[in-house]
Structure formats: structure tokens, C-alpha cells
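Colleague:
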Amino acid sequence: MVISRRVLLGTGAAVAAGAAAVGVAHVTHVLDDAAELVGLDPKPEPDPEDDRLVRRAATEAASLLATVEAAAAAHGSLPLQPLEALVREQLAAVGGGSGDATDVRTPRTPAEAADQLARAFRAASRARAADALRSFSPDLTRVLASMSAGLAQGARQVGELR
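Mature numbering (1 follows the signal peptide of the UniProt record, and there is no 0) puts the sequence shown at residues -16 to -1, 1 to 146.
1. Which residues in the same chain as S119 place their Cβ atom closer than 7 angstroms to its Cβ, once the five residues preceding and following it in sequence are excluded?
2. With DSSP as the reference, label T(-6) as helix, strand or coil.
3. Mind checking whether A108 and L135 have CB atoms under 7 angstroms apart?
4. Among V22, A139 and G23, which has the Cα closest to the Cα of R106?
5. For chain B, find out if any of its Cβ atoms is closer than 7 angstroms to the Cβ of S121; answer yes or no.
6. What separation, rounded to the nearest whole angstrom, lies between the Cα atoms of E68 and V(-2)?
7. Can you grab the Cα-Cα spacing for the pair residue 168 / V88, in whole Å?
8. How many Å lie between Q65 and A58 at the Cα?
9. So what does DSSP say about D25, is it helix, strand or coil?
Encoded structure:
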């Protein structure tokens, strides 16, 4: 049996079009939706960029927690317990551990400590807002945006301590 050139070209074109469609679906992150339409049960994998954003948020939250703990230890007169609780909750939300206060420089006066904390909270808030814009997962976007809002409120609270 001999295959005609027309059949061979048609089959090749159909295979190429199918491969291109699968490639486009993968790149645009709709491959799982297409698999569900044909009855397959896809197992979603997290976007590698989202994993990186979560790790960075955890690392920065641990650093912020260490800064808050160091300021609280050095300046007991500052009411930092609510801020410490906020950062601990955020750290738990992104799966991080505890902060390491060994390399944190603590200012001498409570006012300087409040200024340092306000700057740290504002920077962390901006970083989480930027990460929320970069994330692919809608759930992660909400978590990062919520973290940003909480950190912005924390910055305002610390600013009122001065």
C-alpha cells in the first residue's frame, strides 16, 4: 500500500497543528482546562515563579520578624506585640520558620527603633504588592496582596509610636 503525497501532507499538517495547539495551551496555562474538557484529571503544578515568590516572602517575613523581636527586646516600652503577631501570622501563611535576630542592628532609642520598623514595614509592604502583581495564581495574588495591606497598616501603627 502506497500513501499518496496529499494524504501524507494532510496528516503531517494535522499533527503539526495539534502539536502547536498543545504548545500554545501549555504556554497560556490553559492546558489543564483543555485536559478536563476531554475527561482527563490533570494534577496542577505550582508555577515555578510563584514558588520563588513564596520563598522570598517567607525569607523577608522571617527577617522582618527578627527586626521586630530585636526592637521589642531592646525597647520594652514600645507596644510591638500586635506587630509581632501580625508578622508571625504572615510567616506561617507562607510556610516560613522563625526569625533570626543575630544580625539585626537595634537602634539606641525607641524613636529610632520605631523609625527603623516603619521603614522595614513599608519596604515589606511594597515588596509584597509587587509580588502580588507578578504572581500567576489568583490565590497567591490574594495572599500577597493581603500581606501587603497588613504590612502597610503595621507601618502606620509603628509610625504612630514615634
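Where is the CB? At the ideal position from N, CA and C, for every residue including glycine.
Modeller: According to the structure shown:
1. Setting aside the 5 residues that flank it on each side, S119 is surrounded in the same chain by D34, L37, T125 and L128, each with a C-beta closer than 7 angstroms to its C-beta; the list follows chain order.
2. Three-state DSSP puts T(-6) in a helix.
3. yes
4. It is A139 whose Cα lies nearest to the Cα of R106.
5. This model lacks chain B altogether, as it is built from one protein chain only.
6. 58 angstroms
7. The structure shown does not extend to residue 168, since the chain is modelled only from -16 through 146, so no value can be given for it.
8. 13 angstroms
9. Coil at D25, not helix or strand.
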